[in-house]
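Just below is one structure, and these are the notes that go with it.
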Amino acid sequence: MTFGRRHLRAVSRWIWAPRYAFNVLAYCFRCWRGRAVAWLATAAAIGAVLSLAAGSELFLVLSERSLNQQVRSASELQVFLNDDAQQAQVDQLKSRIAAQPGVRSVAYRSKAEALRLARRNSTLANIADSTAANPFPASLVVNLENPSAAGSVATLAAQDPAADHDVPASYTPAQGKQLSAFLSMAQAVVVGVAVAALAVASLVALVLLRSEIRARRAELRILTLVGTPRPVIRFPVFVEAVALGVAGSVVASLALSYVGDHVVPAVNQYLPFLQLGSAAAAVQIISLTTLVSSVLALGVCSLLVRLPR
Amino acid sequence: MGGPNDSNVVGAPGSIQLRNVTAGYGQTQVFSNFDLHINPGEFVYLVGPSGSGKSTLLRILYGTVRAQEGWVLVDGIAVHRLQDWQTDTIRRRVGCVFQTYELLGHLTSLENVLLPLQLAHPRMRHARNYATEALELVGLKEKLHELPGTLSGGQQQRVAVARAIAHQPRVLLADEPTGNVDKDASGEIMELFGQLNEQMGSTVVMATHDEFVLGRYPARAIRLQPGALEVAS
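Read top to bottom, the protein sequences are chains A and B. According to this note's numbering, the residues represented by the first sequence are 48 to 356, in order. According to this note's numbering, the residues represented by the second sequence are -18 to 214, in order.
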C-alpha cells in the first residue's frame, strides 16, 4: 500500500513533464509554421549548396578510385634476366624478391614466352618480326600488392648477378617512388577537396542560418524577458537548424542519387577511358557524410547564438 | 560586507532590498552606492525626470541590468548574483510591464499571455484559464484572438499588463504602464494594480511621471534625480 502510494506520488510529481514537453514542441511547431516559407527557401538554398559539394565530391571519389585501380593493375614489374644467368641464380633471385614486403607473387617468363607476348603487342610486334634472333630477355614477372614496393624490388635486382646489368627492371626505383607519391597525392587531393567542399557548404549554410536567427532576434529577446528558460528558447532554434541540415542533406542525397544513376553511367558510356565504374557505394557514403557533417555544423552553430541577459 | 549568496536566500517574500548598489551602462554610472528597502505588499512609485534612472532601477530589479557593486534582493532572490543563464529564476517570480509592451507580433493577445505561462512555468496547470482570466481582468475579453498589430496602444499595454499579472506574482514591476493610454485606461490599469496590491498582497513598483496617476492614487514615491536618490512620501 505504502509502496503504491509512493509510486503514485512519484507519478504525480512528474505528471507535468509530458504536458510541458508538449507545450515546448507545440511552441517549436508554431515558430516553424510562422516562418515556413522562409525556412523552405533556406532549406532549398542549403540543399543546392550541399548538392553541388556532394556532386563534385562524388566525381572526385570515382576518379580517384579509377586511378587507384589503374595504378594497381599496372603494378606488374619485370626483372629482366641476364642471358648468362644460371637457373640456381634465377631461383635464388626469385625467392629473394618473393620475400620482399608488398610483393604478391613472382613468376618466371622465358625468352620464348616474352617473344610470343611481344608479337601480340602492337608496339613490340615490329621488333619481334624484324629480327631472326630473339631480342627479348627472360624475366621474373613480379606482381606487386603495393606500387611503392617497386623501388625496393628494382634496387634488389640491380645488385643481383642474375639480373640484366643495363636494364635490370621495367621500373626504376625513382619511377616506383613517383608512382606511389602520385597515388598518395591523388588521395590527399580527394580528402582535401572533400573537406573544403563540406566546409564551404557548411559556411554557406551557417550564413543562411545566421540570417534566420537575426530575423528572430526580437522574438528571442522577448522570450528571455518574460522568463522563458534559455534551453527552451534555444530548443526551437536548434530543432530548426538540425531540420535544415536534414532537409538540405535529403535534397543533396536525391541529387546525388540522380547523378549516380544517370550521369555517371552516361560518362562511363561516352568516356570509357575514365572507367568511373559504379557509383552506388560512393553515393551512400557521401550522402551519409553530408548528413552527419551538415547536422553537426548547423546544430552546433545554433547553440552558439547569443541571447540577451 | 557579507552580502547574501545564492544558496542563502534572505529577505521576506515580496520584499525588495538594495544595498550600496552601483550600476550603469559601460563607463556611464547611473547609480552609485544607493540603498533602498521596499516592504512586502507595498505600493511604490518611482518618479523623476527622463534620465534619472527609473527604468534602470527597474531593470536592475528584473535582472536585465546587472549591478556592478552591492547587492540586490527581490522576493528573496539575490539578483546581483544571477548569471545570464539564471535570470529566468527572477523573471518567473516577478511580473514586469515594459514601457514598449514587448509583445510578439505574430501571436494573438491570448497567446502572448499564455506562451510565457506555458514555457516559463512548467508545473502550472490550467494555464489557458489563467491567461483568459488575466485578459478579462484588463478588459480585453473580446480581443482574445486579435493580433497586437490590430490593437490600439492602450489595448497593447493592457495585454502587457495581463501577461505580467497572469501568474499572480508577489512582485510587480511596471515601467510607465500608463504612458501611452488615455485617462480612463490609466484609471483601469491603476485599479488593477491596486487590486493586485490589496487583495493579493503583491508588492508593486511603478515608474511613472503621470501627474494624474500620482494625484489620484497616492502612495509612497521614490524621487530620482540624475546621479542622486531622494526618497519622499
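All residues carry an ideal CB built from backbone N, CA and C; glycine is no exception. From a predicted model like this one, the values you see are computed outputs, not experimental measurements.
For E83(B), the C-beta contacts it makes with chain A under 7 angstroms involve I269, L272, in order along the chain. Under the Cβ criterion (8 angstroms, minimum of three pairs), the segment 110 to 119 of chain B counts as touching the segment 135 to 150 of chain B. Contacts with chain A at 7 angstroms (Cβ-Cβ) include W66(B). Per DSSP, D138(A) is not a residue of any beta strand (DSSP E); the alpha helix (DSSP H) it occupies stretches across 134 to 145. P97(B) reaches chain A at V273, G274, T275, counting residues in chain order whose Cβ is nearer than 7 angstroms.
Rounded to whole angstroms, S90(B) and S340(A) show a C-alpha spacing of 41 angstroms. Of P103(B), F24(B), D65(B), the smallest CA-CA separation from A64(A) is found for P103(B).
Within 9 angstroms of the CB of R144(B), the CB atoms of chain A belong to V273, in sequence order along the chain.
In the displayed model, S340(A) falls within a helix according to three-state DSSP.
In this structure, the CA atom of R166(A) is about 12 angstroms from the CA atom of P182(A).
L351(A): not part of any beta strand (DSSP E); DSSP gives it neither H nor E. Among the residues of chain A, those whose CB is under 7 angstroms from the CB of H87(B) are G81, following chain order. Counting other Cβ atoms within 10 Å of its Cβ, Y6(B) stays below 16 and is therefore classed as exposed.
In the DSSP assignment, D156(B) is bridged to A188(B).
Considering only beta carbons, the part of the segment 99 to 124 of chain B lying closer than 7 angstroms to chain A consists of Q99, L100, A101, P103, R104, in chain order. Taking C-alpha positions only, L87(A) is separated from L84(B) by approximately 26 angstroms. For L96(B), same chain residues with a beta-carbon under 8 angstroms away, outside a window of 5 residues either side, are L85, L88 in chain order. Bounds of any alpha helix (DSSP H) do not take in N1(B); it lies within the beta strand (DSSP E) bounded by -3 to 6. Annotation for A101(B): the continuous alpha helix (DSSP H) segment containing it runs 90 to 101. Residue pairing by DSSP places R156(A) opposite S186(A) in a beta bridge. Spanning the alpha carbons of A145(A) and N315(A) requires a straight line of approximately 37 angstroms.
For D69(B), the closest Cβ of chain A is nearer than 7 angstroms.
Taking K124(B) as the centre and dropping the five residues before and after it, the same chain places the C-beta of S90, L132, Q136 closer than 7 angstroms to its C-beta, in chain order. With fewer than 16 neighbouring CB atoms inside 10 Å of its own CB, K122(B) falls in the exposed class. Distance from the CA atom of V311(A) to the CA atom of A252(A), rounded to whole angstroms, is 27 angstroms. DSSP places Q316(A) in the uninterrupted alpha helix (DSSP H) bounded by 311 to 317. In this structure, the beta-carbon distance from A108(B) to R73(B) does not fall below 7 angstroms.
Beta-bridge analysis with DSSP links E123(A) to N190(A).
Excluding residues up to 5 positions away in sequence, A108 lie with their Cβ nearer than 7 angstroms to the Cβ of Q99(B) in the same chain.
Under the three-state reduction of DSSP output, Q64(B) falls in the coil class, being neither helix nor strand.
Rounded to the nearest whole angstrom, the CA to CA distance from A154(A) to R112(A) is 28 angstroms. In the DSSP assignment, N110(B) falls within the unbroken alpha helix (DSSP H) covering 108 to 118.
DSSP places Y26(B) in no alpha helix (DSSP H) but in the uninterrupted beta strand (DSSP E) bounded by 24 to 28. Per DSSP, reduced to three states, the secondary structure at G51(B) is strand. The CB of R139(B) never comes closer than 9 angstroms to any CB in chain A; the least such distance is about 16 angstroms.
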